[in-house]
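Residue numbers (this note's numbering): 4 to 200.
Here a beta-carbon is modelled for each residue, glycine too, at the ideal position from N, C-alpha and C.
This report concerns only the one structure given below.
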Amino acid sequence: MSSDKYIPTSNGKEIINPEGSSISEIEPGNHEPKEIEGYHISKDSIPSFKKILVTDDGKDISNKALNYAVSLANSTGAELFILRILKDVEKFGDVSLEGSLEISQMDNQEFHRKIKGEVIDAMEEKINKCQKAGCQNKVSYKFLTGNIVDEIVNEINNNNYDLVVMLSSHIDSWFSSLFSEVRKIMNHISKPILIIQ
Numbered sequence: 004m005s006s007d008k009y010i011p012t013s014n015g016k017e018i019i020n021p022e023g024s025s026i027s028e029i030e031p032g033n034h035e036p037k038e039i040e041g042y043h044i045s046k047d048s049i050p051s052f053k054k055i056l057v058t059d060d061g062k063d064i065s066n067k068a069l070n071y072a073v074s075l076a077n078s079t080g081a082e083l084f085i086l087r088i089l090k091d092v093e094k095f096g097d098v099s100l101e102g103s104l105e106i107s108q109m110d111n112q113e114f115h116r117k118i119k120g121e122v123i124d125a126m127e128e129k130i131n132k133c134q135k136a137g138c139q140n141k142v143s144y145k146f147l148t149g150n151i152v153d154e155i156v157n158e159i160n161n162n163n164y165d166l167v168v169m170l171s172s173h174i175d176s177w178f179s180s181l182f183s184e185v186r187k188i189m190n191h192i193s194k195p196i197l198i199i200q
């Protein structure tokens with residue numbers, strides 16, 4: 004027997020190689036790889052972004068993730084949501100809430116709210132900077148209190164975000180061990196995450 008040839012058996016289903024072992028013959032027919040749902044490339048498979056969530060801890064280093072989120076929002080037309088978890092609420096000074104209800108002549112009721120406080124002012128200043136830097140879309144923010152991982156996971160799972168943008172590490176912040184926090188978050192959500200290093 005020649006060492007570079009395979010010899011088919013009489014049944015045509017097996018090929019014996021020169022060493023004497025056999026392998027199954029490939030069945031005739033269509034041998035194109037099967038596409039797994041969600042893994043093929045087509046116009047329908049390209050994701051669209053309408054809502055992007057970015058985490059923020061109030062420190063300047065968070066702006067790195069926010070810059071990427073603004074760029075993605077501008078290129079996709081997505082609305083941007085900034086999420087901040089307040090771990091030690093008492094450290095953030097006084098926050099006051101004022102409200103009033105107005106009834107217009109057309110029987111429409113409008114409730115006006117005004118929230119004041121250092122943490123609110125800082126977030127609104129951050130949003131103003133985003134707009135001055137070229138953010139063209141709506142920017143909203145949300146403050147939550149509690150466990151960082153739990154609150155982020157609940158926020159993502161309970162709202163229809165298309166993408167989450169997070170920073171991989173912060174120095175001396177509530178995200179000081181964010182890589183492990185991100186891993187915990189990733190285990191509990193099904194949304195794509197862009198991790199900025």
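Alpha carbon of residue i to alpha carbon of residue j, nearest angstrom
i	j	result
D59	G120	17 Å
T79	L56	14 Å
Y164	A136	23 Å
H191	K145	21 Å
M126	G61	8 Å
E128	H43	42 Å
Y71	I123	22 Å
N131	N161	27 Å
A68	P195	15 Å
S143	I155	16 Å
E184	I198	12 Å
M189	E113	40 Å
S193	S51	16 Å
Same chain only: Cβ atoms within 7 Å of residue i, ignoring 5 sequence neighbours per side
i	result
K187	V152
K53	A81, E82, D165
I159	L56, V167, I192, K194
Option nearest residue i by Cα separation, candidates the options
i	options	result
L170	S51, I44, S48, I64	I64
C138	L147, Y144, K53, V73	V73
V167	S45, A76, I130, C133	A76
C133	E113, E154, I85	I85
N150	D47, R87, S193, K46	R87
8 Å Cβ shell around residue i - same chain, five flanking residues per side excluded
i	result
L89	F95, V122, F146, L147, T148
N140	A76, N77, G80, A81, E82, L83
In DSSP terms, what residue i is bridged to
i	result
E59	It should be noted that the sequence gives Asp, not Glu, for residue 59. The partner list for D59 (beta bridge, DSSP) reads R87.
K53	Paired residue(s): none; K53 is not in a bridge.
Own chain, CB closer than 6 Å to residue i, minus 5 neighbours either side, in chain order
i	result
Q200	S171
Quiz prompt | Within the segment 118-169, ranges of the alpha helix (DSSP H) (whole runs, at least 4 residues) | solution = 121-135, 151-161
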